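The next block holds one structure in the form of structure tokens; read it before the comments.
2 protein chains.
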Amino acid sequence: MSPQPVAPAPAATSARAPKQDRSRVTRQRLLEAAVDCLAEVGWTGSTVAVVAERAGVSRGAAQHHFPTREDLFTAAVEHVAVQRHAAVQSAAAALPSRGPNRTEAVVRMLVDLYTGPLFRAALQLWVAVSTDDQLRPRVLELESRVGRETHHTAVALLGADESHPGVRETVQATLDMARGLGLADILSDDGARRARIVRQWARILDAQLSSNSFE
Amino acid sequence: MSPQPVAPAPAATSARAPKQDRSRVTRQRLLEAAVDCLAEVGWTGSTVAVVAERAGVSRGAAQHHFPTREDLFTAAVEHVAVQRHAAVQSAAAALPSRGPNRTEAVVRMLVDLYTGPLFRAALQLWVAVSTDDQLRPRVLELESRVGRETHHTAVALLGADESHPGVRETVQATLDMARGLGLADILSDDGARRARIVRQWARILDAQLSSNSFE
């Protein structure tokens, strides 16, 4: 099934909304409550019952949509990853078209993907499944897919030419740094330090990518 | 109390070993078992009882050394961080003294700090406490201290001159990238990709740090 635009909540929850729309809204509420729950209380405290209550949905309805806890949380992390990816692409249209300000804005945007509730939720999921041989392949598949999409977005936004030696690895390093910055932010607000690193990283990328692109 | 060199286990566990030495060996066994346990089964499954059994120590003795679960695991992550730090400093003596091979070896060594059981254990602890307001300050204090030491080591090994603009942030970015690479490795072996990124990042650092150092 291809991704559907999200129906506005007030119309979709009214008594006259078709059953299919109400079902979609219920599903979306569960997914959003699951992400918030994972980010706030962690994997151990995140159960289907807790998420259903937070979403204002009956436990039966929750289990209809997501038979297992793993179904719910994997789908939740994927759902928000897709939303964030779409948000990045639309925000990218507002960036300056050239120059060092553009590079810094792009790096900031990429780094922002790894801070906030989605990253916190995804991190809880990764760490929980890292010790679980059954669940790991599933989250790994999701993570690989999201990682590939993010890499493509980064290449496009930076105007990087991956046919030049080292450029692919430089873009990957940028995303690994972004992930590391996200991790540094989970215990305390690391925003001031992060802003300085983003600025310096943008300078490095400008030097690296332009020397490769125009040689 | 200043850090003590670790007494060899066979002598210290013999019946003739002084009580103080036996106590130190028991403590060390518990700390090492705690790190392995955290890395392998995660925070939820890591209790004092499980660690005591793994270490071959009675539960009473474990609780004598570490009254709470948090005492045990915070001490465990710190213990191994101190050991790793010492290992890095002694391994650093074997590095080539100059040239691009040195930079790549240094970057690899720094990145290695964020892979393996210690990083996995620390990650489990960070993520567990990120949703716990009481425990977070304690782990944050430990993490800040270990982070500062690692930064000083990186500056020294790279021969970076932080009085030049951007150099401090470049070293920080290197460690954030290393942390991100560690996180990328928790779901599957990311070694091949990581080696390519380390090589490229070493090239970038050589260009960045030499243009700053010799300008």
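Protein chains in written order, with the UniProt record's numbering: chain A, 1 to 215; chain B, 1 to 215.
Where a beta carbon is used, it is the ideal one built from N, C-alpha and C, also for glycine.
Predicted, not measured: the structure shown is a model, and the values here were computed from it.
Against chain A, the CB of L187(B) has a partner CB under 8 Å away; the residue lies at that interface. The continuous alpha helix (DSSP H) containing E78(B) extends over residues 69-92. In chain order, M177, G180, L181, A184, I197 make up the part of chain A whose C-beta sits under 7 Å from the C-beta of D176(B). In the structure shown, R98(A) adopts coil according to DSSP, grouped into three states. Closer than 8 Å to the CB of V80(A) there is not a single CB belonging to chain B.
Fully enclosed beta strand (DSSP E) runs of no fewer than 3 residues are not present anywhere in the stretch 164-196 of chain B. Counting C-beta pairs with one atom in each stretch, the stretch 148-159 of chain A and the stretch 141-150 of chain B have fewer than three that are closer than 8 Å, which means they do not touch. When C-beta atoms of the stretch 77-97 of chain A are compared with those of the stretch 188-196 of chain A, fewer than three pairs fall below 8 Å, so the two segments do not count as touching.
One alpha carbon belongs to V155(B), the other to R168(B), and they sit about 8 Å apart.
Residues of chain B whose Cβ lies closer than 9 Å to the Cβ of V139(A) are, in chain order, L187. Within the stretch 161-176 of chain A, the residues whose Cβ lies closer than 7 Å to some Cβ of chain B are G166, E169, T170, Q172, A173, D176, listed in chain order.
Contact with chain A is found for L123(B), since one of that chain's Cβ atoms lies less than 8 Å from the residue's Cβ.
The C-beta separation of L118(A) from V80(A) comes to about 5 Å, placing the pair in contact by the 8 Å criterion. Between E40(A) and Q134(B), the alpha-carbon positions lie close to 14 Å from each other. DSSP places E32(A) in the helix class (H, G or I) of the three-state scheme. Between L175(B) and L110(B), the CB-CB gap stays under 8 Å. At least one C-beta of chain B is nearer than 8 Å to the C-beta of A128(A). In the structure shown, the three-state DSSP call for Q124(B) is helix. For G191(A), no CB of chain B lies under 8 Å from its own CB, so it is not counted at the interface with that chain.
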